[in-house]
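*Asks:* Keeping their order, the protein sequence lines are chains A and B.
In terms of the numbering used here, the first sequence opens at residue 175 and continues consecutively.
In terms of the numbering used here, the second sequence opens at residue 452 and continues consecutively.
For every residue, glycine included, the Cβ atom is placed at its ideal position computed from N, Cα and C.
Quick caveat, the model's predicted, so the values are computed rather than measured.
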Amino acid sequence: MKMHDRKMRVSVLALAVEGALLAMCAATAQAEDDEVAALIMPTNYIELGASYTSDSSAKFGEYTGLNDSGLDLIGNFNVSGGDAYGDGNGTTRWTVKGTDLGLTSRSLDASMSNQGKWNLEIGYDELRHNLTDGYQTPYLGKMGGNNFVLPATFGVVGGDTNSLSLDQQEAFHTVEVGTSRKNMSFRAGYIFNPQWDVKLDFNHLDQSGAKLMAFGTDPISGGDDEKVLVLPNPTNYQTDTVNLALNWKGDKGHVTGAYFGSFFRDGYRSVMFQNFMINNGGQEMTTPPSNDLHQLNLTGGYAFSPQTKLAGGLSYGRNTQNDAFVDSALMNGGLGNLPRSSLDGLVVTTHADLKLTNQTTKDLTLAAGITYNERNNKTDSVLYDFFSISGSNRGVYSNTPLSNRKTLVELSGDYRLDKNQHIRLDYNHEDVKRWCDKYAGNASTGITNANPPLGGPYTIYGANGNCVVATGSKDDKLGITYKLKASDDVNLNAGYSYSDRRTDSDPNAIVAMISRDGGSIAGINGGDYIGFYPYFDATRRQQLVKAGVNWQANDKLSLSFGGRYTNDDYYDSTYGVQKGNSWSLNLDVTYSLNENGSVSAYTTKQHREREMTNVQSSTTTPWNTWTNTLKDNDFTVGLGAKQGGLMGGKLELSGDLTYSLGETDYGTVLHYSTATPCTDPTQLTCGDLPTIYNRMIELKISGSYQVDKSAKVILGLIHKQLRSNDYFYNGYQYGYTPSSVLHTNQQSGSYSINAVAASYQYWFR
Amino acid sequence: MRILQKTALISTLLGSLGLGSSFALAADTPAAGAMSTAKDIVLRGDAKCTRCHDESDEPRILTIGLTRHGVKGDSRTPTCTSCHGDSDSHVDKTGSGDRPAPDRVFNKTTPADSKNAPCLSCHEKSFARTHWAGSAHQVNDVACVSCHGIHNNGHDKVREKRTQAEVCFTCHKEQRADSHKISHHPIGEGKVVCSDCHNPHGSAGPKLLKKNTVTETCTLCHAEKRGPFLWEHQPVSEDCTNCHTPHGSNITPLLKSRPPFLCQECHDAPHQAGNPVGPAAAGKYPGSPFTGSPSSGRTGRACLNCHVQIHGGNSPAGGYRQR
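1) So Asn304 of chain A and Gly244 of chain A are supposed to be a Cβ contact under 8 Å. How far apart are they, rounded?
2) Along the chain, where does the alpha helix (DSSP H) that runs through Gly822 of chain A open and close?
3) Short of 8 Å Cβ to Cβ, which residues in the stretch 590-601 of chain A face chain B?
4) Starting from Glu689 of chain B and walking both ways along the alpha helix (DSSP H), at which residues does that stretch end?
5) Helix or strand or just coil, what does DSSP make of Ser540 of chain B?
6) Relative to the C-alpha of Gly308 of chain A, which candidate in A:Asn578, A:Ala932, A:Trp937, A:Gln921 has its C-alpha closest?
7) In chain B, what lies closer than 9 Å to Arg492 of chain A by C-beta?
8) Taking Cβ-Cβ distances shorter than 8 Å, what residues in chain B pair up with Asp375 of chain A?
9) In chain B, which residues lie less than 7 Å from Gln780 of chain A when you measure between Cβ atoms?
10) Thinking C-alpha only, which one of B:Gly763, B:Ser747, B:Pro767, B:Ala768 is nearest Tyr906 of chain A?
11) Taking all protein chains shown into account, decide if Glu611 of chain B is buried (16 or more other Cβ within 10 angstroms of its Cβ) or exposed.
12) Please decide whether Ala475 of chain B counts as near chain A, where near means a Cβ-Cβ distance under 7 Å.
13) For chain A, find out if any of its Cβ atoms is closer than 7 Å to the Cβ of Asn603 of chain B; answer yes or no.
14) Can you name the residues that DSSP bridges to Gly519 of chain A?
15) From Ser691 of chain B to Phe437 of chain A, what distance separates their C-alpha atoms?
16) Would you be able to state if there are at least three C-beta pairs under 8 Å between the stretch 638-655 of chain A and the stretch 665-685 of chain A?
17) Since Met146 of chain A and Val751 of chain A are thought to touch, with beta carbons under 8 Å apart, how far apart are those beta carbons, to the nearest angstrom?
18) Can you pull out the residues from the stretch 466-489 of chain A whose beta carbon lies closer than 7 Å to at least one beta carbon of chain B?
19) Can you find at least 3 beta carbon pairs, one from the stretch 845-859 of chain A and one from the stretch 707-717 of chain B, that sit closer than 8 Å?
20) Look up Gly770 of chain B in the DSSP assignment and say whether it is helix, strand or coil.
21) Taking Ala587 of chain B as the reference, which of B:Gly656, B:Ser526, B:Leu571 has the closest Cα?
22) Within the continuous alpha helix (DSSP H) that includes Thr581 of chain A, where are the two ends?
23) Taking Gln715 of chain B as the query, report the chain A residues whose CB atoms sit under 8 Å from its CB, ordered along the chain.
24) Mind checking which residues open and close the beta strand (DSSP E) that includes Val404 of chain A?
25) Verify the CB distance criterion: does His917 of chain A have a CB-CB separation below 7 Å to chain B?
26) With DSSP as the reference, label Ala232 of chain A as helix, strand or coil.
27) Let me see if you follow: with CB-CB separation under 7 Å, is Lys661 of chain B close to chain A or not?
28) So the candidates are A:Arg675, A:Leu403, A:Tyr908, A:Ser758; which of them puts its Cα closest to the Cα of Tyr745 of chain A?
29) Would the stretch 524-535 of chain A and the stretch 465-484 of chain A be scored as touching if the rule is three or more Cβ pairs under 8 Å?
30) At a Cβ threshold of 7 Å, is Gln920 of chain A touching chain B?
31) Using CA atoms only, rank isn't needed, just tell me which of A:Thr335, A:Leu301, A:Ile220, A:Glu209 is closest to Lys356 of chain A.
32) Nearest chain B C-beta to His893 of chain A closer than 7 Å, yes or no?
33) Report yes or no: is there a C-beta of chain A within less than 7 Å of the C-beta of Lys735 of chain B?
34) Please name the residue or residues paired with Leu314 of chain A in a DSSP beta bridge.
35) Closer than 7 Å, Cβ to any Cβ of chain A: which residues of the stretch 493-518 of chain B, in chain order?
36) Which residue's Cα is closest to the Cα of Gln880 of chain A: A:Glu872, A:Leu889, A:Lys874, A:Leu873?
In structure tokens form, the structure reads like this:
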């Protein structure tokens, strides 16, 4: 009994203790539930604030919307919900998100899904691309419009654009030029069952504004004496893109059948502008024609076994363009009726690919693939009669619908030497063909475009020759890669590849726009001297070496170092690009300060070099060659640091510093003597050009302070400066332009700007 | 640590003090007892793991509940063991000594194929990953988790526009440097992302491009350059990268070289293009050594001062691509 009483007393004591502990536990349980909820329930936020930009600069605000000095609104929010969050069995989720609402880089998205059944998304994304705020023109007309006229009192410019009257100089005014892209998207998906689903993507891209473009006008006199002005060429474009895909998947395979359509519409057909040198006469420049692309795609994969897989696809596309030609009366001097009113252009694209991969043994992986791409331009070729803008070169030319076919065969094998070493061999063979299905010529003289009668009779160029000099090529490439896991903390890789492209050429090809005044014989080597080849289709030998190492020195410090070198040798080109090389080195270091903080640094050095040999075309001795060398050197350094957990976990700081220096140099050497030495200051046809120099420094610092459980204050600072020196702009400065070019006074966009931002972020659930 | 486990431990402690109660569990298997009563937090069956790996864990693994992998009502949703394996030896460890790791962990010593296996078991059979096997990333041992954060506070950096490039630049360092050049797509600004052009999971196009060719990919946005034009320009119709370098350039707009030199890489005859071009191409400027008359065909836009429809023209009078 005593015992019993004692036990009873102990039990009562135990229950009391347990009760107290459970009460404590209940309190902590609530806290834990809150902690858990914070991890599994979405946290919504609204952020409001303002930023201040110290100075105006289109280049500083090129894509950010911070192009004007002064205040801008900061507005961001993200609100999510749905019964799929938390510990329930719901499947519905929704999100509404807005970013940069106060800027021209704003975006707004909303999505809703019943996961496993359907999803819907709508989006709006805006981007203003600020191109320049220093462009000057005397022309009146809205930026983004297509009609530009001179002030009534402007008159005409005399023989030299550097000798304008005072009134004419005062007519120049500054116009900010840029483009705006507004993209509206809609996405939807529906899952019929585990095997079948359908997806729809639709985008409507609205582009407005303009990009600067040169406009040539009729000259005062004939010859190559075109008069040039620069105008905002409108980008009044609408592009609708749709992709509808039906997907099937089974135990071993899957297939997707899809329709892709892209429909481009240009709101303008041309730009009207006045000739500043001849009676303010009307001039016209066409804008890009509207076009459609319809494409059917079939893609799929099949696993014969977990070790052997086949993947491939087929694609068939029709790209059409049939915009009515712009009335040519203003442009070609009324040379007569056009042979047709529109192009009725058609390009058929065909694609097929197939790839087989096999890993029969875990140490050996083999792959074999073939890819076929064809662009077959089915457009008719017709003769057109026109004057060049110089007015002196009347010609009758046929359009040249270009077609090409590329077939790529890839073989590779990856062998695991042991658990730490891999070696991989790749072999690629690419075969390229180029041709024209149709090419109009003169029926009476055969295959030539030397002044055939407009409107025919003309022949269609066919099997008797070629319309491109480089009719095809074969490129064999062999590569080897070695990877070594030296330890758990050190990984190394090294690779080498060698490729040899041999180009078939037809120097007697009848090509588009054969030179009529270049001193070479029309129709020979595409109007270029024998031995000259465009670099992108010329015979070439290319070698590439690359290597890298990643080292996790300890729990805190990691480093990676890598580099690459390529060498191109266009060994069959007497003229044109002769050789080139490029290399780069990268070093990255990251150090973890503590659980909440780290610092990192990186640097990249890039070098690219190209040498070409050209031949003076105005002499009768084509071995009068000169060489031009391009050297591009770029250096980038980045430093970053972040630290959280300060002030009892309330303060987070981060900072990034980036330095980028780009230098591009051209140098020309003549290999022959001329009556006027190339160093003559009135000629300067040899020597080095001023370096194109761009140095950018950007410092970003941000900090966020947790005011309470549901609010943060965020402060940010950006200091960015650009020092740019580009000789491109010299020719557009008043007093320094070519005598036929109207100045714009644009500068290279250097700036030094500070921007600060402060915002309040409110969190709720 | 979850409340039920704490309760179990407290009860066990009381029991060992002779303060037995109805809450006491077997002293030698507290965890097993806790598991029998533990409740799933996020995923079906996750109590096996979350009774230890709870809200106090770093990294915060429960945030998987914020992702699509956290929707229990979707029958396809995995649970912890779907990816990490049953890991019984890890769970059942008693006594002293190190606890064995789960069956599958996603650290640097795990081969990429092993890390990818659980992901591909659900995600391989899809359009976007059709060409994964044999793709550049697959053969270079890039694992899904190399780029994707599965538990990562519900935010998968590589799937968010503002942070995607940061992930890609971890390996693609030349492109990181390119993105800081004076002429660049708005990559750093988060308005154009790598996946706008590339499919990192493999593609039939070159360089993991989304579409079958370079030109098809570029004209997704730049549709005005698609044509077909009356007057075509061969390098344009074949491959935009013949003249442009898309990740960034010192020469605006994203050019590999500057006219007239760019043009002279392919043309030597028309319009005296073969005439030598030297420092005179820089035009005149204060202090310039050049005292001659600048040429409109050499300075500024050079050839493009007149041949402006360089991507192709559609004017019957524009055979020289001047209109």
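*Replies:* Taking the geometry as given:
1) Rounded, the Cβ-Cβ distance is 15 Å, inconsistent with contact.
2) Here the alpha helix (DSSP H) through Gly822 of chain A covers 820-823.
3) When CB distances to chain B are screened at a threshold of 8 Å, the residues of the stretch 590-601 of chain A falling below it are Arg598, in chain order.
4) Note, Glu689 of chain B: alpha helix (DSSP H), 685-689.
5) In this structure, Ser540 of chain B counts as helix in the three-state DSSP scheme.
6) Closest option to Gly308 of chain A, Cα to Cα, is A:Gln921.
7) For Arg492 of chain A, none of the residues of chain B pass the 9 Å Cβ criterion, the least Cβ distance being about 11 Å.
8) The premise fails here: Asp375 of chain A is roughly 12 Å from chain B at the closest Cβ pair, so nothing lies under 8 Å.
9) Per Cβ cutoff of 7 Å: Glu625, Ala628.
10) Its Cα nearest to that of Tyr906 of chain A, the residue B:Ser747 stands out among B:Gly763, B:Ser747, B:Pro767, B:Ala768.
11) Of the other Cβ atoms in all chains shown, fewer than 16 fall within 10 Å of the Cβ of Glu611 of chain B; this residue is therefore exposed.
12) Model confidence at Ala475 of chain B stands at a pLDDT of 38, short of 50, so the residue's coordinates are unreliable and nothing is read from them.
13) Between Asn603 of chain B and chain A, the shortest Cβ-Cβ separation is not below 7 Å.
14) DSSP lists A:Gln495 as the bridge partner or partners of Gly519 of chain A.
15) Note on identity: in this sequence residue 691 of chain B is Cys, with Ser being the wrong assignment. In a straight line, the C-alpha of Cys691 of chain B is about 20 Å away from that of Phe437 of chain A.
16) Yes: at least three Cβ pairs fall under 8 Å.
17) Only positions 175 to 939 of chain A appear in this structure, which leaves residue 146 of chain A out of reach.
18) Result list: Leu467, Thr473, Gly474, Gly475, Lys483, Ala485, Gly487, Ser489.
19) Cβ pair count under 8 Å is below three, so no.
20) In this structure, Gly770 of chain B counts as coil in the three-state DSSP scheme.
21) Shortest Cα-Cα distance from Ala587 of chain B to any of B:Gly656, B:Ser526, B:Leu571 involves B:Gly656.
22) Run containing Thr581 of chain A: none in the alpha helix (DSSP H); it sits in the beta strand (DSSP E), 577-592.
23) Within chain A, the C-beta atoms nearer than 8 Å to that of Gln715 of chain B come from Met786, Asn788, Asn802, in chain order.
24) Where Val404 of chain A is concerned, the enclosing beta strand (DSSP E) starts and stops at 401-408.
25) The beta carbon of His917 of chain A does not come within 7 Å of any beta carbon belonging to chain B, so the residue lies off that interface.
26) Reduced to three states, the DSSP call for Ala232 of chain A is coil.
27) Answer no: the Cβ-Cβ gap between Lys661 of chain B and chain A never drops below 7 Å.
28) Nearest of A:Arg675, A:Leu403, A:Tyr908, A:Ser758 to Tyr745 of chain A, Cα basis: A:Arg675.
29) They touch, by the three-pair rule.
30) No, Gln920 of chain A does not count as interfacial toward chain B.
31) When only C-alpha atoms are compared, the closest one is A:Leu301.
32) Under the Cβ distance rule, His893 of chain A does not count among the residues neighbouring chain B, no pair being separated by less than 7 Å.
33) Chain A, which has a Cβ nearer than 7 Å to the Cβ of Lys735 of chain B, makes this yes.
34) In DSSP, Leu314 of chain A forms a bridge with A:Val323.
35) For the stretch 493-518 of chain B, which is checked against every Cβ of chain A, the residues closer than 7 Å are Val493, Glu506, Arg511, Leu513, Thr514, Gly516, Leu517.
36) The option with the nearest alpha carbon to Gln880 of chain A is A:Leu889.
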